[in-house]
Amino acid sequence: NYRDVIPVVDPEDYNTIIDSIEECGDFPLHNRRKLSLKAFYSCSKYDSNIHKVFSELFASEKYNMFIKDDQCNDPYGCV
Numbered sequence: 587n588y589r590d591v592i593p594v595v596d597p598e599d600y601n602t603i604i605d606s607i608e609e610c611g612d613f614p615l616h617n618r619r620k621l622s623l624k625a626f627y628s629c630s631k632y633d634s635n636i637h638k639v640f641s642e643l644f645a646s647e648k649y650n651m652f653i654k655d656d657q658c659n660d661p662y663g664c665v
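Heads up: the sequence shown begins at 587 in our numbering, then just goes up one per residue.
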């Protein structure tokens, strides 16, 4: 649904979005895709953190997740 909405998970993106809408009346599709990716990354990171805490509290085994922020330099996330 990124074609119809602008997902925002980082307040630092507000000005870019507002400027684009004021200048051309819309926010480009390729930028919507980038923000969608950023939103999915943010959700994955959140879920990973919950998984980590629950694993430490309730599981006898630890399960490693794929998100490693210290190795990720891309502001839109890494896999």
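Cβ coordinates follow ideal geometry from the N, Cα and C atoms, glycine included.
Model, not experiment: these values are computed from the prediction.
Throw me the rounded Cβ distance for the residue i and residue j pair, which I believe falls under 8 Å.
i: Leu621; j: Ile592; result: 6 Å
For the alpha helix (DSSP H) holding residue i, just list the boundary residues, first then last.
i: Asn635; result: Leu615 to Phe644
Determine the DSSP secondary structure at residue i, reduced to helix, strand or coil.
i: Tyr588; result: coil
i: Asp612; result: coil
i: Asp596; result: coil
i: Ile607; result: helix
Exercise. Are the region 595-612 and the region 622-631 touching by the rule of at least three beta carbon pairs closer than 8 Å?
Worked result: Cβ pair count under 8 Å is three or more, so yes.
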